[in-house]
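Novice: Sharing a structure here in structure tokens format.
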Amino acid sequence: MPDPMPAPQESAPGWRAGTAMGGRELPRTALEAAAHWYVQLQDEATAPAERAAWARWLEADASHRLAWERMQALEQRLNGVPGALALPTLSSARSSRRRRNLKLLSLLLPALAAAPLLPSVEAGWRGVRADLRTGTGERRRIELADGGTLDINTGSAVDVDYGPGLRQLTLLDGEILVQTAADPRPFEVHTGQGAIRALGTRFSVRRDEEATRVAVLEQAVEIRPREGELLRLEAGQQTAFTARGCAPVTALEPGTGAWREGRLIAIDRRLEDFLAELERYRPGRILCAPQVADLRLSGAFRLGDTDAVLDNLVASLPIRLRFATRYWVRVEAA
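By the working numbering, the letter at position 312 of the sequence shown is numbered 532, and the numbering carries on one by one without gaps.
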């Protein structure tokens, strides 16, 4: 555990002893510790033993991981605020360890406690209750009751409901690839934005925070947004849709569905985009420095060893890796 943190000042607005998340309270001590570790890890001189202590704290309790997710999301939100309003406030809190801990605590705890439930955390609680789910880096293949197959990608959650008149999957989070089987009952995949009806097909569905992506490998599907018009998507096509409608249809990207065989395919892809995809299969964070974000790469990479993928990138691109812990790596210019 980190050293005891100073108690929040009574004048700090909006502070509460705990905050409800998914029906449970997130303890004040977890929020305090998350603020403490945030400050510590900004210091490049932080000793390896201290970084290892952070990793142990992170894995010790689910509330720690939720508090850290909230801390990360708050940082991302502040990064989107004009610098005069947000970032200098955090930077000025780093001038001395004791003062910066106290100041950052008074700045962050009200925001952490009052922040709305984060999408990734909401998804996590949905996933706990799901019929089928996978952890980070895990992939599963399930044989469905009708003889079809369901491949479930990393960090995903699915509910299965086969009734007398409809075969329905509800994708709560993540990504699936479905091979349907012949059956008189319609087959549908539902997400928060609408439904996809299979027309004797093999297709993938990925649910992101703001949209659902669909790619058809065989036959066709019909997409029905909650409030938009129906769209028929043929083999070799992909699109994304929200509750209000579908984006323009495009050709499948090379390597679509390759995760099913444990591979990640890149064809002239931006490094930053590639790392964001790789991060889905690896615990922790992969950050990309702006100076190298637009480097291009192509290749086929094995998802079973993300460390080897990162080493491969270092060998082929003018970049280097800087590790805060094994769970936190930044890709920078060499």
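The beta carbon of each residue, even a glycine, is placed where N, CA and C say it ideally should be.
Distance check for Pro247 and Ala253, CA to CA, integer angstroms please.
Specialist: In a straight line, the C-alpha of Ala253 is about 10 Å away from that of Pro247.
Novice: Considering only their Cβ atoms, is the gap separating Leu391 from Val380 smaller than 7 Å?
Specialist: No, the Cβ-Cβ distance between Val380 and Leu391 is not below 7 Å.
Novice: Using alpha carbons as the reference points, say which of Tyr501, Leu386 and Thr411 lies closest to Val425.
Specialist: Closest option to Val425, Cα to Cα, is Thr411.
Novice: Using DSSP with H/G/I as helix, E/B as strand and the rest coil, what is Tyr258?
Specialist: Helix.
Novice: Tell me where the beta strand (DSSP E) around Leu201 begins and ends.
Specialist: Since the first residue shown for the chain is 221 and the last is 554, residue 201 is missing from the structure and cannot be characterised.
Novice: How would you label Gln260, buried or exposed, when you count the other beta carbons within 10 angstroms and need 16 or more for buried?
Specialist: With 16 or more other Cβ atoms within 10 Å, it is buried.
Novice: Excluding the 5 residues flanking Pro302 on each side, which residues of the same chain have their C-beta closer than 7 Å to its C-beta?
Specialist: Model confidence at Pro302 stands at a pLDDT of 42, short of 50, so the residue's coordinates are unreliable and nothing is read from them.
Novice: Since Ala467 and Phe461 should fall inside the 8 Å C-beta cutoff, what is the C-beta to C-beta distance between them, to a whole number of angstroms?
Specialist: Contact flag correct, Cβ pair sits at about 7 Å.
Novice: Under 8 Å by Cβ, that's how I've got Gln413 and Ala431 pegged, so tell me the actual separation to the nearest angstrom.
Specialist: Indeed they touch by this definition, with Cβ atoms about 6 Å apart.
Novice: Tell me whether Gly344 is buried or exposed, calling it buried when 16 or more other Cβ atoms sit within 10 Å of its Cβ.
Specialist: The predicted model places Gly344 with a pLDDT of 46, which falls under 50 and marks its position as unreliable; any figure quoted below should be read in that light. Classification of Gly344: buried, given that the 10 Å Cβ count is 16 or more.
Novice: Once DSSP output is grouped into helix, strand and coil, what is the label at Val469?
Specialist: Coil.
Novice: Using C-beta distances below 6 Å, list every residue in its chain close to Arg244, excluding the 5 sequence neighbours before and after it, in chain order.
Specialist: Confidence at Arg244 is low in this model, with a pLDDT of 45, below 50, so its placement is unreliable and the value that follows should be read with caution. Contacts found: none.
Novice: Could you check the C-alpha separation between Ala288 and Asp403 for me, to the nearest Å?
Specialist: The question names Ala, but residue 288 is Trp in the sequence shown. Trp288 and Asp403: Cα-Cα distance of roughly 46 Å.
Novice: How is Ile281 classed by DSSP in three states: helix, strand or coil?
Specialist: According to the sequence shown, residue 281 is Asp rather than Ile. Three-state result, Asp281: coil.
Novice: Here's the rule I'm using: 16 or more other beta-carbon atoms within 10 Å means buried, otherwise exposed. How should Asp488 be labelled?
Specialist: So Asp488 counts as exposed.
Novice: Ordered along the chain, which non-local residues of its own chain (more than five positions away) have a Cβ less than 7 Å from that of Glu497?
Specialist: The answer, listed in chain order, is Leu484.
Novice: For Arg546, which three-state DSSP category applies?
Specialist: Coil at Arg546, not helix or strand.
Novice: In angstroms, rounded to a whole number, what distance separates the CA positions of Ser315 and His256?
Specialist: Confidence in Ser315 is poor, its pLDDT being 45 and thus under 50, which makes the residue's placement unreliable; the coordinate value appears in the next sentence. Those two C-alpha atoms are separated by around 14 Å.
Novice: By the DSSP assignment, the alpha helix (DSSP H) with Asp493 in it spans what residues?
Specialist: That run of the alpha helix (DSSP H) goes Leu491 to Glu499.
Novice: Glu552 by DSSP, collapsed to three states: which one?
Specialist: Strand.
Novice: Quick one: what's got a C-beta closer than 7 Å to Pro474's C-beta in the same chain, skipping five residues either side?
Specialist: Excluding residues within five positions, the ones whose Cβ falls inside 7 Å are Ile485 and Ile487.
Novice: Label Leu386 either buried or exposed according to how many other C-beta atoms from any shown protein chain fall within 10 Å of its C-beta, with 16 as the threshold for buried.
Specialist: When all chains shown are included, Leu386 counts as exposed.
Novice: Nearest to Val469 by CA position, among Val436, Trp479, Arg271 and Leu364, is which residue?
Specialist: Of the listed residues, the one whose Cα sits closest to Val469 is Val436.
Novice: Mind reading off the beta-carbon distance from Leu541 to Val529? Whole number of angstroms is fine, and I expect it under 8 Å.
Specialist: Going by Cβ atoms, the distance from Leu541 to Val529 rounds to 11 Å, so no, they are not a contact pair.
Novice: Taking the alpha-carbon positions, what's the Ala280 to Ala250 distance?
Specialist: Cα to Cα, the separation comes out at about 11 Å.
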